[in-house]
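Below is one structure, written out as structure tokens, with a few remarks after it.
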Amino acid sequence: MAEFVKPKVVVSKCLEFQECRYDGEIIRDQTVHNLMPYVQFIPVCPEVEIGLGVPRDVIRIIDNSGSDQLYQPAKKLDLTKQMNEFSEQFLAEVGEIDGFILKNRSPSCGINDVKVYGGAEKSPVVRSSSGLFGSKVQQRFAQLAIEDEGRLKNFTIREHFFTKLFTIASFRKLKKEGLLADLVEFHARNKYLFMAYQPTILKKLGNIVGNHEKKTLQEIFECYEKELYKLLSKLPKYTSNISVSQHLFGFFSKDLSVKEKDFFISMIDKYKKKKVPLSSVASLLKSWALRFDNEYLLKQTYFEPYPERLIEISDSGKGRDYR
Ligand code: SF4
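Quick note on numbering: the sequence shown equals residues 1280 to 1602 in the numbering used here.
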């Protein structure tokens, strides 16, 4: 069974950890719950941290000549400075982390789709923005795995988030240890996963590891990290997953029966039509890697980029193209 480094993840405390919402409620979240044995969570509630009690009067973002102001209408309190100061200090002191799972639509934690009202008094929504804490997270840690719990209900987004999170955590560990041999091995076992993400960047990463430019070890790790973040910045296209699967199929096709080949073709067709997840195609390929005892392929993270037990087929129904 594959071994995984435990990623460090900052999470909105009201998701599974504490009854700290404005109304004294907690939110049950399946993804956070499922991740508990596999990640080290750092829960935080920015509103409680700046001294607002539980329960508390609602706060909202209002438009102040184009900038976002965090405001508590019942007490006529402007909380912008406090929230920004807390966020900057918390994020400066949080240490090494790999990702964030934040509560969606919150004026503090939200990373997008947060309502911005036209003024302090009763006024309509004029635009959308990020919450104040969520916005600082995105400014400071744009390269990490950042999502809100709403988007993580979508299967494709969740799969990408987990892949990115566990890959970044694994790289963080080997960067700390600083051994070129480990980086070479990391690159080799991620080859097909990275090919599915962005083949051109896979090539650049290969050149960095090859070190024809005679860079120092520190420079190699830094260059690799930069390109790795670029590679993981977008979801892989499903067409790339198909071409990688077909490429892997090529390792076994000459040894398979006609029926087995037909079965693979029908599986790819079902994946194209969103009737089966990629993991079903990958499991089939892995079963052949096991049967033909292909050690090289069995080490590939493509078959299990994050712990298998996290695979949860449930989906918000917004499909592969939801961004
Ligand atoms: S969304 Fe953020 S600020 Fe609001 S209750 Fe949850 S953790 Fe606290």
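From the three backbone atoms N, C-alpha and C, an ideal C-beta is built for every residue, glycine too.
**CB of residue 1421 within 7 Å of CB of residue 1377, strictly** = Going by C-beta atoms, residue 1421 is not nearer than 7 Å to residue 1377.
**Request:** Give, in chain order, every unbroken run of the beta strand (DSSP E) that is at least 3 residues long and sits entirely within the stretch 1389-1420.
**Result:** Listed in chain order, they are 1393-1396 and 1404-1408.
**Request:** Would you tell me roughly how many angstroms separate the C-alpha atoms of residue 1591 and residue 1585, rounded to the nearest one?
**Result:** Approximately 12 Å, taken between the alpha carbons.
**Request:** Check whether the Cβ of residue 1387 lies closer than 6 Å to any heavy atom of the ligand SF4, and answer yes or no.
**Result:** Indeed, a heavy atom of the ligand SF4 lies less than 6 Å from the Cβ.
**the stretch 1363-1370 / the stretch 1302-1315 touching (three or more Cβ pairs under 8 Å)** = With a cut-off of 8 Å, the stretch 1302-1315 and the stretch 1363-1370 do not count as touching, because too few Cβ pairs lie within range.
**Message:** Here's the rule I'm using: 16 or more other beta-carbon atoms within 10 Å means buried, otherwise exposed. How should residue 1379 be labelled?
**Reply:** Label assigned to residue 1379: buried.
**Request:** Would you please state the rounded distance, in angstroms, between the beta carbons of residue 1434 and residue 1556? I believe it to be under 8 Å.
**Result:** So it is a contact: roughly 7 Å between Cβ atoms.
**8 Å contact criterion, which residue 1407 and residue 1390 should meet: CB distance rounded** = Their Cβ separation, rounded to whole angstroms, is 11 Å, which puts residue 1407 and residue 1390 out of contact at 8 Å.
**Request:** Please work out which residues of its chain come closer than 8 Å, Cβ to Cβ, to residue 1416, disregarding the five sequence neighbours upstream and downstream, and give them in chain order.
**Result:** Here the set comprises 1289, 1366, 1370, 1379, 1381, 1390 and 1425.
**Message:** Tell me the DSSP secondary structure of residue 1381 in three-state form.
**Reply:** Strand, per DSSP.
**Message:** Quick test of your reading: residue 1296 and residue 1334, contact by CB under 8 Å. State the CB separation rounded to the nearest angstrom.
**Reply:** Actually they do not touch by this definition, with Cβ atoms about 17 Å apart.
**Item:** Contact under 7 Å by Cβ, residue 1398 with residue 1338
**Value:** Contact flag unset, no.
**Request:** Quick one: using the 10 Å Cβ neighbour count with 16 as the cut-off for buried, is residue 1403 buried or exposed?
**Result:** Within 10 angstroms of the beta-carbon of residue 1403 lie fewer than 16 other beta-carbons, which makes it exposed.
**Item:** heavy atom of the ligand SF4 below 6 Å from residue 1324 C-beta
**Value:** True, at least one ligand heavy atom lies under 6 Å from that Cβ.
**Request:** Note down, in chain order, each residue of its chain lying with its Cβ closer than 6 Å to the Cβ of residue 1582, except the 5 sequence neighbours on either side.
**Result:** Cβ within range, chain order: 1561 and 1565.
**Request:** State the start and end residues of the unbroken alpha helix (DSSP H) segment that holds residue 1576.
**Result:** Counting along the chain, the alpha helix (DSSP H) containing residue 1576 begins and ends at 1574-1577.
**Item:** Length of the line joining the Cα atoms of residue 1344 and residue 1350
**Value:** Going by the C-alpha atoms only, they are around 14 Å apart.
**Request:** Going by DSSP, name the residue or residues bridged to residue 1343.
**Result:** Listed as beta-bridge partners of residue 1343 by DSSP are 1346.
**In chain order, each alpha helix (DSSP H) run of at least 4 residues that lies wholly inside the stretch 1465-1512** = Listed in chain order, the complete alpha helix (DSSP H) runs (minimum 4 residues) inside the stretch 1465-1512 are 1470-1476, 1478-1489 and 1496-1510.
**Message:** Run through the DSSP bridge pairs and tell me what residue 1287 is partnered with.
**Reply:** Answer by DSSP bridge pairing, in chain order: 1319.
**Message:** By DSSP's criteria, residue 1357 is part of a beta bridge. Which residues make up the other side?
**Reply:** Paired residue(s): 1350.
**Request:** Leaving out five residues on either side along the sequence, give the residues of the same chain with a beta carbon under 7 Å from the beta carbon of residue 1301.
**Result:** If we look at residue 1301 and ignore the five residues flanking it on each side, its Cβ neighbours are 1334, 1335 and 1337.
**Message:** Measuring only the C-alpha atoms, how far is residue 1354 from residue 1326?
**Reply:** Rounded to the nearest whole angstrom, the CA to CA distance from residue 1354 to residue 1326 is 15 Å.
**Beta carbon of residue 1298 nearer than 7 Å to that of residue 1306** = The criterion of a C-beta distance shorter than 7 Å is not satisfied by residue 1298 and residue 1306.
**Residue span of the beta strand (DSSP E) that contains residue 1424, given as start and end** = Element bounds for residue 1424: 1424-1427.
**Asked** To which residues of the same chain is residue 1429 closer than 6 Å at the C-beta, ignoring the five residues directly before and after it?
**Response** Counting only Cβ-Cβ distances below 6 Å, and skipping sequence neighbours, we find 1383.
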